[in-house]
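Novice: Mind having a look at this structure? Questions to follow.
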Amino acid sequence: MFRTENLTVIYGIDRPEKSYALTNVSLTIPDTGFVGIVGPSGSGKSTLMYCLSTLQEPTSGKIYYNDRLLNDSSRREREILRRSEFGLVFQRHFLVHYMSAIDNVTVAAKTGGQAAVKKGADILFRLGIRQPELDKRPASLSNGQRQRVAIARAMMNDPKVLFADEPTASLDHTNAFIVVDVFREYAKNHLVFVITHDMSILKDADLVIGIWDGEISDMKRKEDAPE
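The sequence shown begins at 384 in my numbering and counts up by one.
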């Protein structure tokens, strides 16, 4: 589904001291599966996600999605692609403060009505959000609850690709593993990227990509793990 060739991102390219966020990253990612991206802070994990999701243009190199060269896409075409096929979860939840939890989820729905409300509530329930929280506004929810609402919003339209940047950072271990179980189930028929510092949630990942100083340091596939 995704393929990159010599993907490079340089910050401050016009300055004497350039900063390389990614350097010649070449990857091939399958159509479905649970993919973890790990590495220390500043290693380029989020930059890689932003490039794959078309939120950031690389300095050089190529990105293919379903054999389509994304570098040649217009801004409008990238927006349409994100809306129709991608789901995005950021480190900040970016919820609408005056809307309830369920409304923050269903606002992303392609069609409204009770069907959207039921679907949004079902996703929230699977993520461990209880009925009383559905009508609460973000200010009345915990950080972990707000993050799970943001995850549900990203999953509302069954995106082919789900990108999640540190989605469990504000969760306790119990709720973190609830979220990861939802991701694993979803990844059976979709592609899920999870950026994290917590290797424990990637125990059963299909592929774990290690990044160090903007370069791929290692790649571990589930089928390569010792039995």
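Heads up, the beta-carbon is just placed ideally off N, CA and C, and yes, glycines get one too.
What you are looking at is a predicted structure, and each value in this text was computed from that prediction instead of being measured.
Tell me the residue span of the beta strand (DSSP E) that contains D601.
Specialist: Here residue 601 corresponds to residue number 218 of the sequence shown, with the count starting at 1. Run containing D601: 598-604, per the beta strand (DSSP E) assignment.
Novice: Tell whether a beta-carbon distance below 7 Å holds between L478 and P521.
Specialist: In the sequence shown, counting from the first residue as 1, residue 478 sits at position 95. In the sequence shown, counting from the first residue as 1, residue 521 sits at position 138. Yes. Within cutoff.
Novice: In the DSSP output, which residue or residues are listed as bridge partners for Y448?
Specialist: Mapped onto the sequence shown, residue 448 falls at position 65. Y448 is bridged to F385, R451.
Novice: State the start and end residues of the unbroken beta strand (DSSP E) segment that holds L471.
Specialist: Position 88 of the sequence shown, counting from 1, holds the residue named residue 471. Per DSSP, L471 belongs to the beta strand (DSSP E) from 469-472.
Novice: Taking the Cβ atom as the reference point for each residue, do G422 and I594 lie within a distance shorter than 7 Å?
Specialist: Numbered from 1 along the sequence shown, position 39 holds the residue referred to as residue 422. Numbered from 1 along the sequence shown, position 211 holds the residue referred to as residue 594. Against a cut-off of 7 Å, the Cβ pair of I594 and G422 comes out as a contact.
Novice: Which stretch, first to last residue, makes up the beta strand (DSSP E) that contains F417?
Specialist: As a first step, residue 417 must be located in the sequence shown, where it is residue number 34. Element bounds for F417: 416-421.
Novice: Go ahead and pull the three-state DSSP assignment for V479.
Specialist: The count along the sequence shown starts at 1 and reaches residue 479 at position 96. V479 falls in the coil class under three-state DSSP.
Novice: Which ranges does the beta strand (DSSP E) cover as unbroken runs of at least 3 residues, wholly within the stretch 514-585, from first to last along the chain?
Specialist: With a minimum length of 3 residues, the continuous beta strand (DSSP E) runs that stay inside the stretch 514-585 are 544-548, 574-578.
Novice: Could you tell me the boundaries of the alpha helix (DSSP H) in which L507 lies?
Specialist: Here the question's residue 507 lines up with position 124 in the sequence shown. Looking at the DSSP string, the run of the alpha helix (DSSP H) that includes L507 is 497-509.
Novice: Give me, in chain order, the residues of the same chain whose beta-carbon lies closer than 6 Å to that of V563; leave out the 5 immediate sequence neighbours on both sides.
Specialist: Locating residue 563 in the sequence shown gives position 180, counting from the first residue. If we look at V563 and ignore the five residues flanking it on each side, its Cβ neighbours are I584.
Novice: Just to confirm the assignment, what range does the beta strand (DSSP E) spanning T411 have?
Specialist: Here the question's residue 411 lines up with position 28 in the sequence shown. 402-412 is the span of the beta strand (DSSP E), which, as asked, contains T411.
Novice: Among S523, K502, V565, Q530, which has the Cα closest to the Cα of M539?
Specialist: Position 156 of the sequence shown, counted from the first residue, corresponds to residue 539. For the residues S523, K502, V565, Q530, the minimum Cα distance to M539 belongs to K502.
Novice: Could you check whether G527 and N558 sit closer than 7 Å to each other, using their CB atoms as the reference points?
Specialist: Residue numbering aside, residue 558 sits at position 175 when the sequence shown is read from its first letter. Residue numbering aside, residue 527 sits at position 144 when the sequence shown is read from its first letter. Result yes, Cβ atoms of N558 and G527 sit closer than 7 Å.
Novice: What do you reckon, are the CB atoms on T387 and L405 nearer than 7 Å?
Specialist: The residue labelled residue 387 in the question sits at position 4 within the sequence shown. The residue labelled residue 405 in the question sits at position 22 within the sequence shown. No. Outside cutoff.
Novice: Just checking, does the stretch 458-467 make contact with the stretch 428-447 on the three C-beta pairs under 8 Å criterion?
Specialist: Yes, the stretch 458-467 touches the stretch 428-447.
Novice: If I follow the unbroken beta strand (DSSP E) through V591, where does it start and stop?
Specialist: Here residue 591 is taken as the residue at index 208 of the sequence shown, counted from 1. Residues 590-595.
Novice: F576 and V408 - do their beta-carbons sit closer together than 7 Å?
Specialist: Position 25 of the sequence shown, counted from the start, is the residue given in the question as residue 408. Position 193 of the sequence shown, counted from the start, is the residue given in the question as residue 576. Not a contact, by the Cβ cut-off of 7 Å.
Novice: Could you check the C-alpha separation between A484 and E400 for me, to the nearest Å?
Specialist: As a first step, residue 484 is located in the sequence shown; it is residue number 101 there, counting from the start. As a first step, residue 400 is located in the sequence shown; it is residue number 17 there, counting from the start. Distance between the alpha carbons of A484 and E400 is about 45 Å.
Novice: Could you check which residue in G395, T411, D397, D455 has the C-alpha nearest to that of L574?
Specialist: Taking the sequence shown and counting its residues from 1, one reaches residue 574 at position 191. Nearest of G395, T411, D397, D455 to L574, Cα basis: T411.
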